[in-house]
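Here the structure is laid out as C-alpha cells; the discussion comes afterwards.
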Amino acid sequence: MNFASDGLEFEKVHVWRGDRHVLQGISAHVRPRELLHISGANGTGKTTLLRVVSGLLRPEQGSVTWLGQSITSSRTEYQAALAYASHEPALKSDLTAIENLRFAVGLKRRVTPKDLLAALDRTGVAACAELPARVLSAGQRRRVSLARVLAMRASIWLLDEPHANLDAAGSELVSELLQAHVQEGGLALVVAHRDLALSCPVRRLELNS
Amino acid sequence: MWTWFYKLASPPYVYGVAAALRLWLFGAAALAMGYGLIAGLAIAPPDYQQGEAFRMIYVHVPGAILSLTVYTVMAAASAVALIWRIKVGHAVAAASAPIGASFALLALVTGSLWGKPMWGTYWAWDPRLTSELILLFLYVGVMSLRSAFEDPLRGDRAAALLAVVGVVNVPIVHFSVVWWNSLHQGATIVRIGAPKMPGSMLWPLLSMWLGFMLFFGAVLCMRLQAEVLNRERQASWVREAIKS
Amino acid sequence: MTVGAWEAFLLVLHRELCLSFRRPEQLFQPLVFFLIVTTLFPLGLSLQLSALRDIAPGVLWVAALLSSLLSLDSLFKSDADDGTLEQLALSGQGLTLIVVAKTGAHWLVTGLALVIVSPIVAIALGIPTSAFAIMMLSLALGTLTLSWLGAIGAGLTIGLRRGNVLLSLIVLPLATPLLIFGAAATDRAISGTSTAGAMYFLAALCVFTCTLAPWAATAALRITLE
Chain V
4 MNFASDGLEF
14 EKVHVWRGDR
24 HVLQGISAHV
34 RPRELLHISG
44 ANGTGKTTLL
54 RVVSGLLRPE
64 QGSVTWLGQS
74 ITSSRTEYQA
84 ALAYASHEPA
94 LKSDLTAIEN
104 LRFAVGLKRR
114 VTPKDLLAAL
124 DRTGVAACAE
134 LPARVLSAGQ
144 RRRVSLARVL
154 AMRASIWLLD
164 EPHANLDAAG
174 SELVSELLQA
184 HVQEGGLALV
194 VAHRDLALSC
204 PVRRLELNS
Chain L
-12 MWTWFYKLAS
-2 PPYVYGVAAA
8 LRLWLFGAAA
18 LAMGYGLIAG
28 LAIAPPDYQQ
38 GEAFRMIYVH
48 VPGAILSLTV
58 YTVMAAASAV
68 ALIWRIKVGH
78 AVAAASAPIG
88 ASFALLALVT
98 GSLWGKPMWG
108 TYWAWDPRLT
118 SELILLFLYV
128 GVMSLRSAFE
138 DPLRGDRAAA
148 LLAVVGVVNV
158 PIVHFSVVWW
168 NSLHQGATIV
178 RIGAPKMPGS
188 MLWPLLSMWL
198 GFMLFFGAVL
208 CMRLQAEVLN
218 RERQASWVRE
228 AIKS
Chain Y
-13 MTVGAWEAFL
-3 LVLHRELCLS
7 FRRPEQLFQP
17 LVFFLIVTTL
27 FPLGLSLQLS
37 ALRDIAPGVL
47 WVAALLSSLL
57 SLDSLFKSDA
67 DDGTLEQLAL
77 SGQGLTLIVV
87 AKTGAHWLVT
97 GLALVIVSPI
107 VAIALGIPTS
117 AFAIMMLSLA
127 LGTLTLSWLG
137 AIGAGLTIGL
147 RRGNVLLSLI
157 VLPLATPLLI
167 FGAAATDRAI
177 SGTSTAGAMY
187 FLAALCVFTC
197 TLAPWAATAA
207 LRITLE
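Order-wise, the sequence lines are chains V, L and Y.
Position 174 of the first sequence, counting from 1, maps to 177 under the numbering used here, and the rest follow consecutively.
Position 172 of the second sequence, counting from 1, maps to 159 under the numbering used here, and the rest follow consecutively.
Position 80 of the third sequence, counting from 1, maps to 66 under the numbering used here, and the rest follow consecutively.
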C-alpha cells in the first residue's frame, strides 16, 4: 500500500491576499488517526489555510490531495467526506437548532430526527432543539455547530477555533469529541490559539508571518 | 504553437511587447486617421441625400464598430483569465474597458449630433443608437463592479465573469432592440447609417476604421503597461523596469 | 447512505421556503412595491383609463422588473452573512444544485407571487381581462429569466457596499430584451393581434437563460467565496 497516498496532504501552498503573501509555501501530511493543531499569531493565515484545505479557496501555487487524488479533480466527493466548522457557528437565526442540523447534515447523509437529537444531546444542548437559533447564547450556538459536525459522521474534521465562546466544560467537550473522532479512525485539522489538552498524539503546525 | 501563448502569460514579457509596439501603433494610427479625416472631411463629395451631415460617419461608424470590438477583446481576455487563471488577461480587460466605453460614448454623441439634421432632434430611439446605449451601460457595469471590490483579484474575477456574460447578451440585446424598433418604425425616419458609397467616400471610412483600431491598440499598450506595473508591483522585475 | 441529487435539491428547496415563510412580511414587500410603483404612473401622468391602456404593458413590466430586483439582493446575502453559504458549498452536493434550488425557491416566492398579483395591477391600468392569460404567462417567463439573471448579479455582488444598487446596474441592461418582448406580447394581447412571435422569443430567452445561467451563477459564487 502506498503510504504517501493515504490521508490528507497539502504541499507548498501559497496564497496572496492583495499584496500580502499570507501563506508562504506551507506543507503537511495528516493521516487517519492523526490530529494537526494549527497555531500562530493573528493574521498569519490559519483560517486561510483551513479554507484552502476545505477546497473553498484555490491557492495560487501548491496542491491539496486526499487519498492521493487532487481535491480539485474530485471536489464534491472530497467535500462530502469532510465537516467544516468556521469561526462563526453558521446557523440560520430563524430556524430551530434541530432544523438547522437537518438542513445541513441532511445534504451529506440521511438522518432521522432521533440521530440529530442524539447529536445535540451529546453536545449538551438537547433542551435547545426546538428553539430558534436567534435566542440561543453564543456558547449554545457553538455547541449546536459542534453537534452538526458530529452528526455529519465525516472522516475529515476542519475546525476553526472550536473553543470560542465555550466555558471550561465546553472546552472539555471539544477535547472529548476530538479524541473520540481520532480514535475511531478520523483525522482532524484544528485551528486554535490555546493548547488542546488531548491524550492522543497531536502534531503542531506553527504559522508565522 | 502554444509557447507564444504561454509567453504572453508572463507579465514582464507583455510589458516589454507593449512598450515596443506603442510608438509604432501611435504613428500608424496618426497616418491612417490623418488620411481618413482629410479625405473624408475635405475631399469626398457631399452625399446626395444627407448633404454635408453624412461626414459624421467618419467618426461615428468606426467608433461604434470599435466599441463592439473592444468589448469582444475584453470578454476574450476575461475568459482566458478565468479559464486558465492567467492574470495578464485581467490586466488586458481592465485596460480595455475604459477605452471601449469611450468609443461607445463617442458613437452616441456623434450619433446624436448626426441625428439633429436628420431627424430634427438629438435623440429618436434609433435602434442602433439604443443598443449602443445599452452597450455603454454594460461597460459601466463591468467597470463599477471591478472597482467595488477591496480585494483587486476578486474584483478582476467578478468583472471578468460579468464581461463574459455580457458578451453573450450583446447580440441578443441588439436583436431585441432592432425588433422593438421595427414595431414603431415611422416611414419618415431617415436611418443614420452608411449611404451607398463610391470609392471616394468608402476609402476614407475604411482608413478611419483602421486608424481607430490602431489607436485602440496604442492606447491599450499604454494602459496595459500601467496595469501590469500596478498589479505586479511586488515583483522584482518591476523595480528594474521603473529604474530604467 | 449518501444523499441523491434529487433528494438534496428538494431539501434545499424546503429550506428556502421554510426560511421565506418564517418572515412573511418580507414576502409582501416586493408585492407592495409593485402596487405602489404602478400607482405612481397614473398619478404622475394623470391619464384617463383608456389612455392608460396604451402605456399599461410598459408600466406593468417596468414595475415587475424593479420589484423583482428589490428582492434579489437577499438571494445569497443572508446565507453569506451568517456563514451558512459556506456550509452549503461544502455539502458535497455541488454548488450548482444548491444554486438551482435557491433560485427556484426565490422565483416561487417572488416571481410567481408577482404573476398572481398582476391581475389587480392590470385592472388598475385598464388592461382588459382578455389579455390576462398572455400577460400572466409572459410575466411568469420573464420573472423566471430575471431571477436567473439576478442570481448571477447577486452572486457577483454579495458583501459589497451598496451591493443592491450595483446589482440593479448590472442586471437591468441584461434584462432589456425581456422587457421588450414581454411588454410587446402584452401589448399585442390587448390589441388582439398575434402574440406568438413575442411569446416564442420570450420562451426562448427563458430557456436559454435557465440553461446557461446556473453555471455562471455558480462561477460567480465561487469567486465570492474565495
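All C-beta atoms, glycine included, are put in the ideal place defined by N, C-alpha and C.
Beta-carbon spacing of Ser53 (chain Y), His92 (chain Y) below 9 Å: Their beta carbons are not under 9 Å apart, which means Ser53 (chain Y) does not touch His92 (chain Y) by this criterion.
Residues of its chain near Gly127 (chain V), where Cβ-Cβ distance is below 7 Å and the 5 sequence neighbours each way are ignored: Arg146, Leu176.
Proximal residues, the stretch 67 to 85 of chain V versus chain Y, C-beta separation under 9 Å: Flagged, chain order: Arg78, Thr79, Glu80, Tyr81, Gln82, Ala83, Ala84, Leu85.
Span of the alpha helix (DSSP H) around Ser83 (chain V): Checking the sequence, you will find Ala at residue 83 (chain V) rather than Ser. 78 to 83 is the extent of the alpha helix (DSSP H) around Ala83 (chain V).
Helix, strand or coil at Gly173 (chain L) according to DSSP, with G and I counted as helix: Low per-residue confidence applies at Gly173 (chain L): pLDDT is 46, beneath 50, and the placement is therefore not dependable, though the value from the model is reported in the following sentence. Three-state DSSP puts Gly173 (chain L) in coil, outside helix and strand.
Partners in chain V for Asp143 (chain L), counting only beta-carbon separations shorter than 7 Å: For Asp143 (chain L), no chain V residue has a Cβ inside 7 Å of its Cβ, as the nearest lies near 12 Å away.
DSSP beta-bridge partners of Tyr45 (chain L): None; Tyr45 (chain L) has no bridge partner.
Buried or exposed (CB count within 10 angstroms, at least 16 for buried), Ala84 (chain L): So Ala84 (chain L) ends up on the buried side.
Asp97 (chain V): contacting residues in chain Y (beta-carbon distance under 7 Å): Among the residues of chain Y, those whose CB is under 7 Å from the CB of Asp97 (chain V) are Leu5, Arg8, Arg9, following chain order.
Inter-residue spacing [alpha-carbon to alpha-carbon] between Ile70 (chain L) and Arg208 (chain Y): Near 13 Å, if we compare the C-alpha coordinates of Arg208 (chain Y) and Ile70 (chain L).
Closer than 9 Å to chain V by CB, Ser77 (chain Y): It does: the Cβ of Ser77 (chain Y) has a partner Cβ on chain V nearer than 9 Å.
Check whether Arg112 (chain V) and Arg151 (chain V) have beta carbons under 9 Å apart: No Cβ-Cβ contact shorter than 9 Å links Arg112 (chain V) with Arg151 (chain V).
Contact set between Phe167 (chain Y) and chain L, taken where Cβ atoms lie within less than 9 Å: In chain order: Ser163, Trp166, Trp167.
CB contact below 9 Å: Arg226 (chain L) versus chain V: The C-beta of Arg226 (chain L) comes no closer than 9 Å to any C-beta of chain V.
Element boundaries [alpha helix (DSSP H), containing Gln73 (chain Y)]: Where Gln73 (chain Y) is concerned, the enclosing alpha helix (DSSP H) stretches over 70 to 75.
Residues, ordered as in the chain, of the stretch 12 to 38 of chain V that lie near chain L by beta-carbon distance below 9 Å: Under the 9 Å Cβ criterion, the stretch 12 to 38 of chain V contributes Trp19, Arg20, Gly21, Asp22, His24.
Extent of the continuous beta strand (DSSP E) to which Gln64 (chain V) belongs: For Gln64 (chain V), the enclosing beta strand (DSSP E) begins and ends at 64 to 69.
Start-to-end residues for the alpha helix (DSSP H) that takes in Ala214 (chain V): Residue 214 (chain V) falls outside the range modelled here, since chain V spans only 4 to 212, and no answer is possible.
Neighbour flag for Glu212 (chain Y) against chain A, beta carbons, 9 Å: The chain labelled as chain A is not found among the protein chains of the depicted structure, namely V, L and Y.
Within the stretch 68 to 155 of chain V, ranges of the alpha helix (DSSP H) (whole runs, at least 4 residues): Correct list: 78 to 83, 100 to 108, 116 to 125, 141 to 155.
Inter-stretch contact at 8 Å, needing at least 3 Cβ pairs: the stretch 113 to 130 of chain Y / the stretch 33 to 52 of chain Y: The answer is yes - the stretch 33 to 52 of chain Y touches the stretch 113 to 130 of chain Y, with three or more Cβ pairs under 8 Å.
Any C-beta of chain L under 9 Å from that of Arg197 (chain V): Judged by the 9 Å Cβ criterion, Arg197 (chain V) is not in contact with chain L.
Counted within 10 angstroms of its Cβ, other Cβ atoms place Pro159 (chain Y) as buried (16 or more) or exposed: Buried.
DSSP-derived helix/strand/coil call for Gly192 (chain L): The sequence shown places Leu at residue 192 (chain L), rather than the Gly named in the question. DSSP places Leu192 (chain L) in helix when its eight states are reduced to three.
At least 3 beta-carbon pairs within less than 8 Å: the stretch 149 to 167 of chain L vs the stretch 158 to 174 of chain Y: Touching, per the Cβ criterion.
Where Arg174 (chain Y) falls: helix, strand or coil (DSSP): Secondary structure of Arg174 (chain Y) (DSSP, three-state): helix.
DSSP state of Phe136 (chain L) mapped onto helix, strand, coil: It is coil, neither helix nor strand.
C-beta contact flag for Leu3 (chain V) and Gly48 (chain V) at 9 Å: A query on residue 3 (chain V) cannot be resolved here, the shown segment of chain V reaching from 4 to 212 and no further.
Where Val75 (chain L) falls, given that 16 or more other Cβ within 10 Å makes a residue buried: Buried is the call here.
Cutoff 9 Å: Val(-2) (chain Y) Cβ touching any chain V Cβ: Answer yes: the Cβ-Cβ gap between Val(-2) (chain Y) and chain V drops below 9 Å somewhere.
Rounded C-alpha distance that separates Val193 (chain V) from Ile138 (chain Y): Approximately 34 Å, taken between the alpha carbons.
Spatially closest choice to His184 (chain V) from V:Gly46, V:Pro204, V:Lys117, by CA coordinates: For His184 (chain V), the closest alpha carbon among the candidates V:Gly46, V:Pro204, V:Lys117 is that of V:Pro204.
Simplified DSSP state of Ala167 (chain V), which is helix, strand or coil: Note: Ala167 (chain V) maps to coil in three-state DSSP.
CB contact check: Leu60 (chain V) to chain Y, cutoff 9 Å: Answer yes: the Cβ-Cβ gap between Leu60 (chain V) and chain Y drops below 9 Å somewhere.
Residues bridged to Ile159 (chain V) (per DSSP): In the DSSP secondary-structure assignment, Ile159 (chain V) is bridged to V:Leu85, V:Leu190.
Short Cβ contact (9 Å threshold) for Ser57 (chain Y) with Pro10 (chain Y): Cβ distance not < 9 Å, so Ser57 (chain Y) and Pro10 (chain Y) don't count as in contact.
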